[in-house]
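Visitor:
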Amino acid sequence: MDIVKQLKTAIKNGTLLFGQNQTATACAHGEAKLVILAANCPLEYVEELHSSHPDVPIHRVAMVNRELGAACAKPFHVSTICVVDAGSSDLLSLRSNLD
Numbered sequence: 002m003d004i005v006k007q008l009k010t011a012i013k014n015g016t017l018l019f020g021q022n023q024t025a026t027a028c029a030h031g032e033a034k035l036v037i038l039a040a041n042c043p044l045e046y047v048e049e050l051h052s053s054h055p056d057v058p059i060h061r062v063a064m065v066n067r068e069l070g071a072a073c074a075k076p077f078h079v080s081t082i083c084v085v086d087a088g089s090s091d092l093l094s095l096r097s098n099l100d
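Under the numbering used here, think of the first position of the sequence shown as 2, with each following residue one higher.
1. Using the Cα positions of residue 53 and residue 20, report the straight-line distance between them to the nearest angstrom.
2. In whole angstroms, what separates the C-alpha of residue 95 from that of residue 38?
3. Measuring alpha carbon to alpha carbon, tell me which residue in 59, 2, 13, 43 is nearest residue 28.
4. Under a three-way DSSP split, which group does residue 30 fall into?
5. Beta carbon of residue 87, beta carbon of residue 33: below 8 Å?
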């Protein structure tokens with residue numbers, strides 16, 4: 002799967018949240034369907050999120066936060082993306098790969 006292409010599709014017609022705080026809030030409210038993490042997302046955050054919300058799939062990509070931000074056409078680094086609505090993208094077919 003071309004994750005960059007799927008992210009752009011989801012940005013156009015879905016609902017994505019960017020950043021650790023928004024992701025944690027969405028998980029706490031039960032809105033998160035998938036969390037996508039940059040390769041260099043802080044391990045403490047990942048462990049806390051996974052232990053607090055084991056039912057939310059978490060997928061770590063090979064891109065670092067700078068590359069992930071650029072892939073989403075954002076002028077800032079993105080370490081965490083929360084998929085609330087994937088739109089017409091195939092992002093929800095990604096499986097958790099933390100274990």
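All C-beta atoms, glycine included, are put in the ideal place defined by N, C-alpha and C. On a predicted model such as this, the values are computed, not experimentally measured, just so you know.
Guide: Looking at the coordinates:
1. Rounded to the nearest angstrom, the two C-alpha atoms are 17 Å apart.
2. The alpha-carbon separation between residue 95 and residue 38 amounts to approximately 12 Å.
3. Closest in C-alpha terms to residue 28, from the list 59, 2, 13, 43, comes 59.
4. The DSSP-derived three-state label of residue 30 is coil.
5. No, Cβ-Cβ distance for residue 87 and residue 33 is not below 8 Å.
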